[in-house]
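Student: Just passing along the structure, written as structure tokens.
Dropping the structure here:
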């Protein structure tokens, strides 16, 4: 794996965090293999959904020379001024076209960023910490290290506007990193943020859920800790919901139960909570995921705001499509890609959850081959990272609960019932921040 530097520690003979020496049984390898296939499905499903959305080509075009993107913008202006219906797409011209081929982009790379913090937390550097603090400490160090790199790039530039950042990220992430660099701490870094409501933390949350398989509430709490660096309000609620759903799936839950765990983290009085309940009501009456697309387009997706990345839309869409698809990736993911307005992340979220439900075998071989390697279009240092290898590292790093996760669930063909809410009360509401959105910058 390129750029990780963790290949040695997972093979240590020492007990894993929170695990007594000699506690492993003969059944442990089988349980861990089942857990690995779920993590592999999670990562590859997320990457496939990321690749399936039309914005992926534009994100991957960042690896092309700048003039190719400028030419695309000029062609778009030409089409507008000349009233032509032939619209431009990302181009290579006389450059190698490899960056523009089907593959994962920003969502998968930020998911790998979250995986990196999980791997780091299992290292010897954190051996003196309580198990509950290890991952949180690693998350804090990762965000502050990234903020330091942004600050260093700005310090080297003659003026801030001329700085060349070492990464590409959502507005909420850039704002959160900027806040950290000025000395702010969470929750202020997420609250004092123009895009506090977006879904940037949701893909990270899906990966952080691997720390708590079968424990949706603990996964939601960890996801909130991370989300507060960049989000507030519905951005935090969405992260909690995705972490809860994936944690339930990793523990062997059905699609209904996983969606129910997510719903328990979405307060009814919030925009994301209202949208999720309405979207799921539509899903339960839908024939299949594809037939649900127009209903979600007209009743959930907003066409007013300048960006289609609000967690209040993308998370409900993903949960509804997973429900309508009976937990099947082949139904939920393509349907999510049909919703062009939210195609930057809804397919990735749907792919992550269905991948965790169905395991690695839920991902078609052709998609596995196309999406297992990161391009480095958002986080260049992750170029070449193999998600299959990463899944193996994560599976070896995590202490499984006493009740090992069941094997990947094969969704039934019959229609599903209403999602069953978790026995826990609705997730703690994020403090501060409303559900309104500011105009795009």
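In our numbering, the protein residues as written are 16 to 456.
C-beta atoms are modelled at their ideal positions from N, C-alpha and C, and glycine is treated no differently.
In the DSSP assignment, the alpha helix (DSSP H) including residue 217 goes from what residue to what residue?
Tutor: First-last of the alpha helix (DSSP H) with residue 217: 215–223.
Student: What is the DSSP secondary structure of residue 197, counted as helix, strand or coil?
Tutor: Reduced to three states, the DSSP call for residue 197 is coil.
Student: Under DSSP, the alpha helix (DSSP H) around residue 125 begins and ends at which residues?
Tutor: Counting along the chain, the alpha helix (DSSP H) containing residue 125 begins and ends at 121–136.
Student: In terms of alpha-carbon separation, which member of 249, 296, 206 and 395 lies closest to residue 214?
Tutor: Nearest option by C-alpha distance: 249.
Student: Exposed or buried, which one is residue 246 when buried takes at least 16 other CB atoms within 10 Å?
Tutor: Buried is the call here.
Student: Measure from the alpha carbon of residue 183 to the alpha carbon of each residue in 139, 282 and 125, then state which is nearest.
Tutor: Considering only alpha carbons, the answer is 125.
Student: Quick one: which unbroken alpha helix (DSSP H) runs of 4-plus residues sit fully inside the segment 72–113? Chain order, please.
Tutor: Runs of the alpha helix (DSSP H) inside the segment 72–113: 81–96.
Student: Looking only at C-alpha atoms, which of 238, 163, 106 and 230 sits nearest to residue 266?
Tutor: Nearest option by C-alpha distance: 230.
Student: When you compare only the Cα positions, how much space is there between residue 141 and residue 330?
Tutor: C-alpha separation (whole angstroms): 33 Å.
Student: What is the DSSP secondary structure of residue 333, counted as helix, strand or coil?
Tutor: If DSSP states are grouped into helix, strand and coil, residue 333 belongs with the helices.
Student: Report the option in 162, 165, 84 and 128 whose CA atom is closest to the CA atom of residue 150.
Tutor: Minimum Cα distance to residue 150 is reached at 128.
Student: Would you mind working out which of 298, 395, 256 and 221 sits nearest residue 366, comparing C-alpha positions?
Tutor: The candidate whose alpha carbon is nearest that of residue 366 is 221.
Student: Which partner residues of residue 388 appear in the DSSP bridge assignment?
Tutor: Looking at the DSSP assignment, residue 388 forms a beta bridge with 401.
Student: On the three-state DSSP scale, how would you describe residue 325?
Tutor: Correct three-state label for residue 325: strand.
Student: Ends of the alpha helix (DSSP H) at residue 252?
Tutor: First-last of the alpha helix (DSSP H) with residue 252: 249–265.
Student: Around the C-beta of residue 514, are 16 or more other C-beta atoms found within 10 angstroms, so that it is buried, or is it exposed?
Tutor: Examination of residue 514 is not possible in this model, given that the chain is present from 16 through 456 alone.
Student: Alpha carbon to alpha carbon, how far is residue 76 from residue 386?
Tutor: In a straight line, the C-alpha of residue 76 is about 16 Å away from that of residue 386.
Student: Which first and last residues belong to the alpha helix (DSSP H) in which residue 159 is found?
Tutor: Looking at the DSSP string, the run of the alpha helix (DSSP H) that includes residue 159 is 146–171.
Student: If residue 238 sits next to residue 258, beta carbons under 8 Å apart, how far is it from one beta carbon to the other, in whole angstroms?
Tutor: Confirmed, Cβ separation roughly 3 Å.
Student: Can you round the beta-carbon distance between residue 423 and residue 376 to whole angstroms, since I take them to be within the 8 Å contact cut?
Tutor: The pair is a contact, with the Cβ atoms about 7 Å apart (cut-off 8 Å).
Student: With C-beta atoms as the reference, is residue 143 less than 8 Å away from residue 362?
Tutor: Cβ distance not < 8 Å, so residue 143 and residue 362 don't count as in contact.
Student: With DSSP as the reference, label residue 246 as helix, strand or coil.
Tutor: In this structure, residue 246 counts as coil in the three-state DSSP scheme.
Student: Tell whether a beta-carbon distance below 8 Å holds between residue 405 and residue 130.
Tutor: Yes. Within cutoff.
Student: Assuming residue 332 contacts residue 354 (C-beta within less than 8 Å), just tell me the rounded distance between them.
Tutor: That pair is a contact at about 6 Å.
Student: Assign residue 208 to one of two classes, buried (16 or more other C-beta atoms within 10 Å of its C-beta) or exposed (fewer than that).
Tutor: Residue 208 is buried by the Cβ-count criterion.
Student: Among 350, 325, 90 and 156, which residue has its Cα nearest to the Cα of residue 336?
Tutor: The option with the nearest alpha carbon to residue 336 is 350.
Student: Could you round the C-beta distance between residue 393 and residue 74 to whole angstroms and report it? I think they count as a contact, below 8 Å.
Tutor: Right, the Cβ-Cβ distance comes to about 7 Å (below 8 Å), so this counts as a contact.
Student: Just to check my reading of the structure: residue 251 and residue 122 have Cβ atoms closer than 8 Å, yes? What is that Cβ distance to the nearest angstrom?
Tutor: In fact, because the Cβ distance is near 18 Å, the residues do not count as touching under 8 Å.
Student: Are any of the Cβ atoms in chain D nearer than 8 Å to that of residue 154?
Tutor: Of the chains in the structure shown, none is chain D; there is only one protein chain.
Student: Here's the rule: buried if 16 or more other CB atoms are within 10 angstroms of the residue's CB, otherwise exposed. What is residue 108?
Tutor: That one is exposed.
Student: Output the boundary residues of the alpha helix (DSSP H) element that contains residue 306.
Tutor: Start and end: 304–314.
Student: Rounding to the nearest angstrom, what Cα-Cα distance links residue 341 and residue 84 in this structure?
Tutor: Each residue's alpha carbon lies about 40 Å from the other.
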